[in-house]
Amino acid sequence: MRSIEEIEALLEEALDGSARGRLVARGEARAIIRRNGVLPADAPQFSATIEADLGDHGFAILDAALELRSLDRSHALVRPAFQTAAKIMEALVRNGDPERTDRGFLRTVAGASYHLGSYAAVAFSLFPRSELPGLNVSPAEACLISLILRDFDSLLGISRRWLLNPDNSDLTMADQMQEGIATQSDVYAVAITSGMMRGLALYEFALKCEFR
């Protein structure tokens with residue numbers, strides 16, 4: 089694990105508006121002027137690698153923000169780091185190609201980042217009800233979206249369906265591993281998702297108990 093001083097140095101450089109040729113500003117400008125992923129004919133010329141550059145920059149900042157938060161939740165750089173990571177993820181999908189397969193994932197990461205940065209209202213605004221069916225999200229991502237929207241009934245329903253599905257049980261996964269049907273990565277993915285679902289279900293139960 090990096091020291092607080094090392095993370096501070098990384099974030100201070102990454103959060104500077106001029107970082108990487110004003111990458112964040114260029115990404116936001118590109119997102120504003122395009123429509124369905126297509127730039128107008130008279131749009132400024134953007135780098136051919138801007139998508140990859142934004143993703144790399146955004147996830148690096150998010151990783152550092154999470155690490156810093158684990159060391160010092162009240163550090164002055166935590167909130168702006170999460171906010172900047174969220175802006176980058178949002179810029180990757182805003183007004184983007186509606187057929188982009190990872191747009192639900194990136195929007196979920198943006199929402200979670202805003203939420204961790206204490207920008208709950210902005211996180212909420214990323215998920216209009218009318219757009220949820222077409223987001224192409226995994227059950228885990230759908231659970232996170234439900235949490236951001238404070239839709240605890242949906243959260244409980246998604247987590248319950250996952251945890252009660254025999255296909256996701258430890259025994260089933262062990263059998264599939266032995267038969268060569270599932271890979272080690274498949275097992276890890278199911279185990280991590282199941283752990284997350286249990287945690288969110290317990291959180292929902294705790295909230296209900298508190299409300300009562």
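Going by my numbering, the sequence shown opens with residue 89, and the numbers climb by one from there. Note that the Cβ used here is the ideal one computed from N, Cα and C, for glycine as well.
query: Whether E292 touches L232 by CB criterion (7 Å); result: no
query: In DSSP terms, what V126 is bridged to; result: R123
query: Buried or exposed by the 16-neighbour rule on C-beta atoms within 10 Å, applied to G222; result: exposed
query: Ranges of the alpha helix (DSSP H) found wholly within the segment 241-286, counting only runs of at least 4; result: 258-266
query: Extent of the continuous alpha helix (DSSP H) run through F193; result: R191 to L204
query: Beta-carbon gap between A164 and S201 smaller than 7 Å; result: no
query: Minimum C-alpha distance to I138 - residue among E155, Q171, V181 and I269; result: V181
query: Contact check, G205 vs M177, beta carbons under 7 Å; result: no
query: Bounding residues of the alpha helix (DSSP H) (the contiguous stretch that carries A164); result: Looking at the DSSP string, A164 is not in any alpha helix (DSSP H), and its letter there is neither H nor E.
query: Simplified DSSP state of V225, which is helix, strand or coil; result: coil
query: Proximity of L252 and M285 at Cβ, strictly below 7 Å; result: no
query: Per-residue burial, M261 [other beta carbons within 10 Å of its own, 16 or more giving buried]; result: buried
query: R157: first and last residue of the uninterrupted alpha helix (DSSP H) it sits in; result: I138 to L159
query: Contacts around T189, its chain only, beta-carbon distance under 8 Å, and the 5 residues preceding and following it disregarded; result: N224
query: With 16 other Cβ atoms within 10 Å as the buried cut-off, status of A179; result: buried
query: Anticipated Cβ contact below 8 Å, T196 with E219, distance rounded; result: About 12 Å; that fails the 8 Å criterion.
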